[in-house]
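**Student:** One structure follows; several queries about it will come next.
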Amino acid sequence: MPDGKMRTYVHGRGKNGVTMSAGYADRKNMSSLLCAAGTKEPGDFEFLASCTGIDVARIDHAKAPSWLHRAKRETDSLYEKQVTKTGIKRGCVVSGVLASGPVRMVLHRIYKRYSPRILGGAVV
Numbered sequence: 737m738p739d740g741k742m743r744t745y746v747h748g749r750g751k752n753g754v755t756m757s758a759g760y761a762d763r764k765n766m767s768s769l770l771c772a773a774g775t776k777e778p779g780d781f782e783f784l785a786s787c788t789g790i791d792v793a794r795i796d797h798a799k800a801p802s803w804l805h806r807a808k809r810e811t812d813s814l815y816e817k818q819v820t821k822t823g824i825k826r827g828c829v830v831s832g833v834l835a836s837g838p839v840r841m842v843l844h845r846i847y848k849r850y851s852p853r854i855l856g857g858a859v860v
């Protein structure tokens, strides 16, 4: 990479189509985490909540779970309004941002999937 840092990316897929992708700078400092799960399967939301438990110095672990529940309500409401207005079910909506220490989190809702995107740690 131009800045001389090594970048490593890992990706995995689990049951019911849940996925996780992580990016690391210099093979040790996580710079991004992307999780994805459906909107209806049992256990999917719990999987996403566990993704917000990322262990990064100075993150407020008490904020992330409550933020995720608010972000889910927010994106569900925005998604339903968008579908009602446009009739298009394959749209995308994005929640507000959670800023906690060096980490920023947003929740994407795309059709029948949620995807929290967690950025920070090594890059902030």
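Sequential numbering from 737 applies to the sequence shown in my numbering.
Heads up, the beta-carbon is just placed ideally off N, CA and C, and yes, glycines get one too.
Everything numeric in this text was worked out from a predicted model, so none of it was measured.
Is residue 809 helix, strand or coil when you go by DSSP?
**Tutor:** Locating residue 809 in the sequence shown gives position 73, where the first residue counts as 1. Helix.
**Student:** Does DSSP classify residue 822 as helix, strand or coil?
**Tutor:** Within the sequence shown, the letter at position 86 stands for residue 822. Here residue 822 sits in helix by DSSP.
**Student:** Check whether the stretch 829-838 and the stretch 801-817 are in contact - that is, three or more C-beta pairs closer than 8 Å.
**Tutor:** Flag = yes, the stretch 829-838 and the stretch 801-817 touch.
**Student:** Quick test of the definition: if touching needs 3 or more C-beta pairs under 8 Å, does the stretch 767-776 touch the stretch 840-859?
**Tutor:** Result yes; three or more Cβ-Cβ pairs closer than 8 Å.
**Student:** Return helix, strand or coil for residue 802, following the three-state DSSP convention.
**Tutor:** Counting from 1 along the sequence shown, the entry for residue 802 is found at position 66. In the structure shown, residue 802 sits in a helix (DSSP, three-state: H, G or I).
**Student:** Can you give me the Cβ contacts of residue 768 inside the same chain, cut-off strictly under 6 Å, excluding the 5 residues immediately before and after it?
**Tutor:** For the purposes of this step, residue 768 is taken as residue 32 along the sequence shown, with counting starting at 1. The answer, listed in chain order, is 759, 855.
**Student:** Using the Cα positions of residue 860 and residue 838, report the straight-line distance between them to the nearest angstrom.
**Tutor:** Here the question's residue 860 lines up with position 124 in the sequence shown. Here the question's residue 838 lines up with position 102 in the sequence shown. Legend: pLDDT at residue 860 = 35, less than 50; position of this residue unreliable, no value from coordinates given.
**Student:** Could you name the residues of the same chain whose beta carbon sits closer than 6 Å to that of residue 748, not counting the 5 residues immediately before and after it, in chain order?
**Tutor:** Within the sequence shown, residue 748 is the residue found at index 12, counting from 1. 756, listed in sequence order.
**Student:** Determine the burial state of residue 824: buried for a count of at least 16 other Cβ atoms within 10 Å of its Cβ, exposed for fewer.
**Tutor:** For the purposes of this step, residue 824 is identified with residue 88 of the sequence shown, where counting begins at 1. It is exposed - the Cβ of residue 824 has fewer than 16 other Cβ atoms within 10 Å.
**Student:** Could you pull the start and end residues of the beta strand (DSSP E) that residue 757 belongs to?
**Tutor:** Within the sequence shown, the letter at position 21 stands for residue 757. 755-761 is the extent of the beta strand (DSSP E) around residue 757.
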